[in-house]
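Below: the structure, in structure tokens.
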Amino acid sequence: MGSQILFLAQFHNLEDDNPVVNALRQVVKDLHLMGKNRYPIKPATMLSGTMKGIGFRPGMEHDKTAAFENNAALMKTFGLPSWSDSEWTDFLNDSTQAFTSAIVTNNDFTNEPHPDDDVNGFTYGIFTYINPKTGDPITPNISESSSGHALRFPEFNCKIDFGMSPGIIEIAWASNRVIHHTTKPPKSLQTTKFLTHFGSSLQTAKALIYRAQMLAELPLERKLKQQLDAVKETELKIVGC
961 MGSQILFLAQ FHNLEDDNPV VNALRQVVKD LHLMGKNRYP IKPATMLSGT MKGIGFRPGM
1021 EHDKTAAFEN NAALMKTFGL PSWSDSEWTD FLNDSTQAFT SAIVTNNDFT NEPHPDDDVN
1081 GFTYGIFTYI NPKTGDPITP NISESSSGHA LRFPEFNCKI DFGMSPGIIE IAWASNRVIH
1141 HTTKPPKSLQ TTKFLTHFGS SLQTAKALIY RAQMLAELPL ERKLKQQLDA VKETELKIVG
1201 C
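If you're matching positions, the sequence shown starts at 961 in my numbering and goes up one per residue.
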């Protein structure tokens, strides 16, 4: 079989004042605050805690069709392109493509060992302890009893221990190929008013790619008809308000 890469990890001390740490601080804070306004999701492998989805992961939220209300008016106001516009095809030439959805977790999140089933072979994530109210990364009080809270790879008896590695941790792991899970934090690191653990995973869902491929293969007339139907549906909702 030869050697295999399970993960790549980089640790950042919060006391370091440099552009990378400052940028990661802001990303964590932004994702946490955005997650507060998203509907919780609960996949079959989830055991405890809170998970939120941000981005284009389809069908994850209750009343998801509410996002289309006043859609036509907003598109006109802000100059957003419709699916029939050529602007969307410009993304094919974008060299900065990374992911389509972000999953964020907190409140003592744990899950069962599992592999993922996304388009991306590796998943990138940022992990750190934060202030639950502001989303600012913080360093908790660490002791020998802080061990155990980790991203674990049970097939290899290997883990990245969050409690023993305070700061911000960037991880890219072979999420589709390698079974992994998040373990329970010890009592000293469990969620309080002042502390919770922030986890994230940035992925590209197969369901979204399937829908995008279906859309790309539609004839132009069909795309225009779908856009017109969506506008008419929105107008009917506005009239009925």
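Where is the CB? At the ideal position from N, CA and C, for every residue including glycine.
Rounded separation between residue i and residue j - CA only
{"i": "Asn1117", "j": "His1140", "result": "10 Å"}
{"i": "Arg998", "j": "Leu1162", "result": "16 Å"}
{"i": "Glu1115", "j": "Asp1076", "result": "15 Å"}
{"i": "Pro1145", "j": "Ser963", "result": "31 Å"}
{"i": "Thr1151", "j": "Lys1012", "result": "17 Å"}
{"i": "Ser1008", "j": "Thr1070", "result": "5 Å"}
{"i": "Arg1137", "j": "Ile1014", "result": "24 Å"}
{"i": "Gly1019", "j": "Asn1067", "result": "Here Gly1019 scores only 45 on pLDDT, less than 50, and its place in the model should not be relied on; the value that follows carries that caveat. Their Cα atoms are separated by approximately 23 Å."}
{"i": "Gln970", "j": "Pro1179", "result": "46 Å"}
{"i": "Val981", "j": "Met1174", "result": "40 Å"}
{"i": "Glu1104", "j": "Asp1121", "result": "12 Å"}
{"i": "His972", "j": "Ser1125", "result": "9 Å"}
{"i": "Ala983", "j": "Lys996", "result": "20 Å"}
{"i": "Ile965", "j": "Arg1112", "result": "14 Å"}
{"i": "Thr1184", "j": "Met994", "result": "The residue asked about is misnamed: residue 1184 is Leu in this sequence, not Thr. Using only the alpha carbons, I get a separation of about 32 Å."}
{"i": "Glu1072", "j": "Asp977", "result": "36 Å"}
{"i": "Asp979", "j": "Glu1177", "result": "According to the sequence shown, residue 979 is Pro rather than Asp. Cα-Cα distance, rounded: 42 Å."}
Beta-carbon separation (whole angstroms), residue i vs residue j, contact threshold 8 Å
{"i": "Ala1110", "j": "Phe967", "result": "Not confirmed; about 12 Å, so no contact."}
Nearest to residue i (by Cα), restricted to the options the options
{"i": "Gly1108", "options": "Pro1073, Glu1130, Lys1119, Asn1101", "result": "Lys1119"}
{"i": "Phe1158", "options": "Ile1129, Leu1180, Asn1136", "result": "Ile1129"}
{"i": "Glu975", "options": "Lys1147, Gly1127, Met1174", "result": "Gly1127"}
{"i": "Ala1134", "options": "Met1174, Pro1092, Thr1083, Phe1122", "result": "Thr1083"}
{"i": "Asp1078", "options": "Ala1062, Gly1123, Asn1091, Tyr1089", "result": "Ala1062"}
{"i": "Gly1085", "options": "Pro979, Glu1104, Leu1184, Leu991", "result": "Leu991"}
{"i": "Ser1106", "options": "Thr1099, Leu1149, Asn978", "result": "Leu1149"}
{"i": "Val1064", "options": "Lys1185, Ser1160, Ser1125, Met1174", "result": "Ser1160"}
{"i": "Lys947", "options": "Phe1087, Met1174, Pro1100, Glu1177", "result": "Outside the shown range of the chain, which is 961 to 1201, sits residue 947, and nothing can be said about it."}
{"i": "Phe1154", "options": "Ile1090, Gly995, Lys1185, Leu1184", "result": "Ile1090"}
{"i": "Thr1088", "options": "Asn978, Val987, Pro979, Asp977", "result": "Val987"}
First and last residue of the uninterrupted alpha helix (DSSP H) at residue i
{"i": "Asp1068", "result": "That residue, Asp1068, is in no alpha helix (DSSP H); its beta strand (DSSP E) goes 1061-1071."}
{"i": "Gly1085", "result": "Looking at the DSSP string, Gly1085 is not in any alpha helix (DSSP H); the run it does join, the beta strand (DSSP E), is 1083-1090."}
{"i": "Arg1137", "result": "First-last for Arg1137: undefined, no H or E at that position."}
{"i": "His992", "result": "979-996"}
Contact under 8 Å by Cβ, residue i with residue j
{"i": "Gly1095", "j": "Lys1002", "result": "no"}
{"i": "Pro1097", "j": "Arg1182", "result": "no"}
{"i": "Gly1081", "j": "Ile1102", "result": "no"}
{"i": "Thr1156", "j": "Pro1092", "result": "yes"}
{"i": "Thr1005", "j": "His1074", "result": "yes"}
Residue i, enclosing beta strand (DSSP E) - first and last residue
{"i": "Gln1163", "result": "1156-1163"}
{"i": "Gln964", "result": "Taken as a continuous stretch (DSSP letters only), Gln964 belongs to no beta strand (DSSP E), as it is neither H nor E."}
{"i": "Phe1113", "result": "1110-1113"}
{"i": "Ile1120", "result": "1118-1121"}
Any non-hydrogen atom of the ligand GTP within 7 Å of residue i CB
{"i": "Arg1112", "result": "The model depicted lacks the ligand GTP and carries no ligand whatsoever."}
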